[in-house]
Structure formats: C-alpha cells, structure tokens
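One structure below.
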Amino acid sequence: MKMNIITLLTASIRNKPGRNLATIFCFAFIAANIFFLQLLFSGTVLNVDQGISRMGADHIIVGAQYTAHLRIGENPPENTMALVKVEPSSARIKADVMGVVGKIPGVSNVSPQLYVSTLDLPAVSPEPVDLFGIDPATDFTIQPWLQTPPDHPFGPGEVLVGSELSGKVGSQIDIQGHLYTIAGRLDPTKSSVDYTVFLNMDDAYAIASAKGIVPPSAPQISPGDVNAVLVRIAQGADSGMVKSRIQQPFSYSYVKVIQRHFSLDPASQEIKGLPGLLGVISTFVVVAAFPLIALIAAMVAHERQREIGLLRSMGAKRKAIFLLVMSESLVLATIGSIIGVCVSLVAFLLLNTMGLLQTTFQVSFRTPALYEIVATSCPALIVVIAIGSISSLWPAYWSSRMNPYDAIRGEGK
Amino acid sequence: MIEIIGVTKSFSTDCSEVRAVDDVHFTVNRGEFVLILGRSGSGKSTLLGMLSGLTRPTAGTILLNGMDISELSDDAISELRAKEIGFVFQLSGLILTINALENVMLPTLFCPDYPGSDSRAADLLTKVGMSERACAYPSTLSSGEMKRVAIARALVNAPSLLIADEPTGDLDEATEQEIMELFRQLNREGTTIMMVTHNSDLIRYATHTYRMTQGNLIKSDGALSPRLTLEPRTNVNDKVSS
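The listed protein sequences derive, respectively, from chains A and B. The numbering of the first sequence is numbering that gives the first Met the number 0, which starts it at 0 and goes up by one. The numbering of the second sequence is numbering that gives the first Met the number 0, which starts it at 0 and goes up by one.
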C-alpha cells in the first residue's frame, strides 16, 4: 500500500468542510448562472429554429393550371403563409424541373411533392385522406413536423401520417389493400397535412398505378410526374429576385411560382440581441465572483502554511505543492460547476414546465435534447474551471515559494 | 556525517541585524545521539532548520554525507530531505483527516525511490507501539500517541538522520520518558539523531551534548565554539543508557 495524491487531496478537502462548501457554493453559483442563461438562449434559439424549419418552402413551383382546393373550414391565409405541402391538384410538371431550379443562384434546397389521390379510409380517419409522395432525402417541409425524430431514414414500405390519422408509430396502415408501416407521426398543423399520408416517391408511383387509387377521370400518373417542386432560398438571398430567376427558364404556360408572402427576418432580429445580453450578464457574474474566489483561495493557502511547511519538510518539492493547491481548487471548481449545472437544469425544467419562463420572458422555450444539454453545459464548466485555476494561481505559487522553515514556525500565529 | 563549518544565520529587523546562529562549527558522526540544549530564542531551532535545508545559512557551509547542501537547488534539497532526513516537531504535525497509518505513509508520496516494503509503515507503527491504533484519526489520539505516530512517520523513508525539534515540549513527564526511551532505542539500532530541547534533564539520553546561547554553540564547560570543529563532550549518561 502506498500513499497517493488522491488520498491527500481528499484529506485536504475534508479538512475544512465549511470553508470548502462555501467555495463550492461560489463555483456552483457562477456555473448555475452561466448555464441557466445558456439554456434560456439555446431554448429560445431551438424554438425559433424549429419554427423556421416548419415554415416550409419559400417558393412552390407548380403546373400553370394549379389551383388550390382548400378543405371546408380551412383558413386560406394561414395555409398560404406556410408552404408546407402543395394542395391536391391534377396539374403536374416533370421532376426534371428540379435539376434546372437547383442550379439557380440563391436556391438552397429543392424537393418534389406528388399528389396521388384522396381516399376514404374509414379505419384511419372519418375525413377523406390525401395520399402524397415525397422524397425523404431532399424533403425539408414535412419531416420537420415529426413529433419525434425517426431512428432511421424514412424508407420504402413506410409512411408518415398526419396528426388526425389513427395508428401508432410502428403499426401498419391499410390503404385499400396496400399495407405500409407508420414510421412517424406529424405534429398538428391545422391544415390538410393533418389528414395526409406521405409515402416515398417510388411507393407513390407504385400505388398510383394500382387499380382504384387514382380516379379514372383524373390524368394517370407516370414516373417522373410531380405536382410541385418546393424551393428554399439561400440565407440572405432576395426572395423576389430568386422567384424571377426560377420563372425565367420556363414558359408561363408550363409552370408558375408561388411565393410565400412573409419574411422570417423579424423573428431572427429579435434573437440577435440575446448573445450580447448573455455575454454581459455572464461577464458580470464572473467579475463579481472572481475576487471572492481568489480571496478564499488566498485565505486557504495562508491558513495551510504550517501544513504546507510540514509537507515540504517531508520532501515535497515546490512543484508538488503548487500542483496540490491547484488540484484542490480544480476539484472544488469541478464539483461546484457540476452541482451548479444540475441545479440550474432542474430549475430550468421546473420553471419551463410550470410556464413561468414563458410568462416572464414572453418567449417560448423548447427543452433541449440531452446532447444539447451536454453541449450547452460545456461553456459553464470551462469558465468555472478556468476561474478556479486562475484564482488559485497566485496562492499556489505563494505556497510553493513559501520558506518551509518560516511556514512551520508560523504555527499558532 | 554532518559537518557544519562557520555557519551563520542573521535576520534583519527594522533597526538592527539579529544573528540567530553565529559562526557555528561542529560535526556529527553516524550513530550519534546529539542533544542541543538551549532556551527559547537561543537559535537552536534555526540551526536545525539549516541542517535540514529548510532554511539557508547567511554564511558558512553545511556538509551532509559530504554534500554541501547550501549549494543545492531547492528541488535537490527537497529530494535529499525526502530520502535522508526525518523530522519530529514539538507539535506532532499530523494531518487530521487521515488516519495514523496514512500519516505514516505520507512522506512516501514525495520519495520516488521509497525503500520500504508495503508493510513498512505498519511495521513502524508496531515498533512505536501504535499498531492497534493504526486506523485511528489524530483527534482521537493522546499527545504521546501522536508523537509516536510522528516518529514512525519520520522513519518511514529510512532516513540516515532523524531531527527532533523540542519533541517532548508538550508532553507530561511520564510520556516524555516513554518518547525519549523510544528515541534511545532507535539510536541504539543505528539511527543518527539530532535533537534540540530546553529540558536539561534529557541529556542522559544523548551520546553527545551541546548548549546554545544567543546563537553560539557552547561546550558544556562554557567555552564558545571556536572557529574550528568542536569535539563534542562524550556524555556520562552513556553509562546510564547502557
């Protein structure tokens, strides 16, 4: 059995529980403040990000004869604000439009949608159900509405269902004798999306060719047909300009471009000021707490001078004393920061669940996922550990340079 | 083993310079039990501090096993202390939050070439009569028991020199006698011991005795240490110890 530094460290920390608890509290206070502010910020950003991602496309390219057929009771302005899904229509265009549009400057994403049919599926919904084909690889308007992110890519034989359709995720849905597995359920949109089954494109073409799916009166669907190409423009691009560029290569008798008539800029402007505010508050907390922690560290070193002298008399080198004092501070800082982060997280979750945060800040917060919490906690941990290290530098240096003879004789003084 | 040549230690105060140790010369040979008597403030602890490299002399040379420790770097002196010197102080200096056995093992942390076996610390506690209290914390030990643990701790790295600074200053007469018997036993087993004390009753335990007054080392006949190596007085108490 040999003595090790951990035993000595533990002993030192246990030596003055009151003093060390006070130090840990200081570290926890800083960590809790920084982490809570980070959580508020990231919660807001996540909420806004989700909102933006669910706003759908900036433009929809449809056939020239396209006319939206809204369901009874739907509110037209709301449905045209967020271009998530094209409305059922028999006006189709060819998917190769995507290849042309995708190369247009200012276009960020393009994705096709195919309206297959509207069917009565009493086992699934009392209302008629729309069948749509989407391309899971390029889709950016439907999948952001998923209640929970899928554990695998939405593939062949699988469907996504709107919020008003019955059937659990993982169970099968029967579409007039064709069985599909429900891979995901969407959040309510208060639009026709809530009554829609989304298949991948190949399955959509396959079911479209089956008997009794597409009404005989409607034009038959051929592979390569799509009802719309949804377009997201690049950040900073001028929406009107991009719309003109999209229309330019095509005849007005072939396609038309529908533009969303609102901008996301006001929302993004609101959160632009948050990082600055966060920085100011965090800096204030650090500046206020740093001298206190440095003072405690200096007092601790002074109080321990006899003990340090004894260790020196046993042969401890200056470097060992320096590392011992630093390690002790780092251990306290780490414990404090972890406690601060945990307390802060519990407070955030409680206040958010009770709705107090939303009431206070007039902003809604989305609870971050575990990995986001871990990532968000890193700055708080790093800052607190850095404060612990910096505030202990001078006491550690002073302790290591102390004359051991004077330190030992300082006993009782 | 130890040769001190013209060692002086002076401290500056606001209006004057105080010589705590003034031009001291003497030699300690291996296996001796040297006692330095003196009143508080006579400079005896300062002398021990310089012998162990805890403080550096203002002037003079200190040779330990032929090595001039006043020329060594701080790290080298620390390493020398870890390997060659064991300390026992007036107050035991035990760390309160680790038990007796862990206190004894503490110096091994700073001795990379720890010479002992895994059980050496426990064996030393047995040697000082503390084996049954190995797991006891210092706050539960008496002054005498703490001193015994401190002695075991001083011996754990098998030092060639044991330095004791007023080791019985805080003990009652009976416990003082027990501790001094322990020192004598260690000395008989080959440990070189240098002890300072203000208690002249303890000279009977030593093989050689010096007296320190106002920074000067004085022979028992009262002569100041000259600028040459003092031959220590062979103590009549050798007879007592034998």
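In this text, a Cβ means the ideal position worked out from N, Cα and C, and glycines have one as well.
| query | result |
| --- | --- |
| According to a CB-to-CB cut-off of less than 7 Å, which residues of the segment 14-39 of chain A neighbour chain B? | ASN14 |
| In chain order, what residues of the segment 365-393 of chain A put their CB closer than 9 Å to some CB of chain B? | none |
| Relative to the C-alpha of A/SER191, which candidate in A/VAL83, A/GLU157, A/ARG259, A/ILE12 has its C-alpha closest? | A/VAL83 |
| Among all the DSSP beta bridges, which residues are the ones paired with A/ASN3? | A/ASN3 pairs with nothing; no bridge assigned. |
| Give me, in chain order, the residues of the same chain whose beta-carbon lies closer than 6 Å to that of B/THR233; leave out the 5 immediate sequence neighbours on both sides. | Only weak support exists for where B/THR233 lies, its pLDDT of 45 falling under 50; the value from the coordinates is given anyway. Closer than 6 Å at Cβ, skipping near neighbours: no residue. |
| Where does the unbroken alpha helix (DSSP H) through A/GLN246 begin, and where does it stop? | 238-246 |
| For my contact list, A/ILE181 and A/VAL158 are in at a C-beta cut-off of 8 Å; report their separation, rounded to the angstrom. | 6 Å |
| Between A/PRO143 and chain B, is there a C-beta pair that is closer than 8 Å? | no |
| How big is the Cα-Cα spacing for B/SER44 and B/MET194? | 9 Å |
| Mark A/ILE307 as exposed unless 16 or more other C-beta atoms lie within 10 angstroms of its C-beta, in which case mark it buried. | buried |
| Please identify, using Cβ separations under 8 Å, the residues of the segment 51-67 of chain B that lie next to chain A, in order along the chain. | SER51, LEU53, THR54 |
| Inspect the beta-carbon positions of B/MET49 and B/VAL87 and report whether they are closer than 8 Å. | no |
| A/VAL109 to A/GLN357, Cα distance in whole Å? | 35 Å |
| So that I know if they touch, is there some Cβ in chain A lying closer than 8 Å to that of B/PHE109? | yes |
| DSSP three-state call for B/HIS207: helix, strand or coil? | strand |
| Out of B/LEU47, B/LEU161, B/THR96, B/ARG119, state which residue places its alpha-carbon closest to the alpha-carbon of B/TYR136. | B/THR96 |
| Just mark A/HIS151 as buried or exposed, buried being the case when its beta carbon has 16 or more other beta carbons within 10 Å. | exposed |
| At least one CB of chain B closer than 8 Å to the CB of A/GLU442: is that the case? | The question about residue 442 of chain A has no answer, for chain A in this structure spans 0 to 412. |
| For the candidate residues A/ALA300, A/ALA90, A/LEU276, whose alpha-carbon lies nearest to that of A/PHE321? | A/ALA300 |
| Is it a yes or a no for the segment 66-75 of chain B touching the segment 308-317 of chain A, going by three-plus beta-carbon pairs under 8 Å? | yes |
| Can you name the residues of chain A whose CB is closer than 7 Å to the CB of B/GLY48? | TYR404 |
| Between the alpha carbons of A/ASN78 and A/GLY98, how many angstroms are there, rounded? | With a pLDDT of only 38 at A/ASN78, under the threshold of 50, the placement of this residue in the model should not be trusted; the figure read from the coordinates follows. Cα to Cα, the separation comes out at about 27 Å. |
| Which chain A residues sit within Cβ distance under 7 Å of B/ARG18? | Simply none; closest approach about 16 Å. |
| Strictly below 7 Å CB to CB, what residues from chain A border B/ILE97? | THR6, ALA10 |
| Using the beta-carbon count (16 or more within 10 Å), is A/LEU276 buried or exposed? | exposed |
| Determine whether the Cβ of A/LEU350 lies closer than 8 Å to any Cβ atom of chain B. | no |
| Helix, strand or coil, according to DSSP, for A/ASN108 in the structure here? | strand |
| Return helix, strand or coil for A/LYS84, following the three-state DSSP convention. | coil |
| Hey, how far is the Cα of A/SER281 from the Cα of A/LEU344? | 17 Å |
| Quick one: give me the first and last residue of the beta strand (DSSP E) that B/ILE9 is part of. | Strictly speaking, residue 9 of chain B in this sequence is Ser, with Ile absent from that position. Taken as a continuous stretch (DSSP letters only), the beta strand (DSSP E) holding B/SER9 covers 1-11. |
| From the DSSP output, read off the bridge partner residues of A/TYR114. | A/PHE131 |
| Note down the Cα distance separating A/GLN205 from A/PHE197, rounded to an integer number of angstroms. | The sequence shown places Ala at residue 205 of chain A, not Gln. Roughly 13 Å separates the two Cα atoms. |
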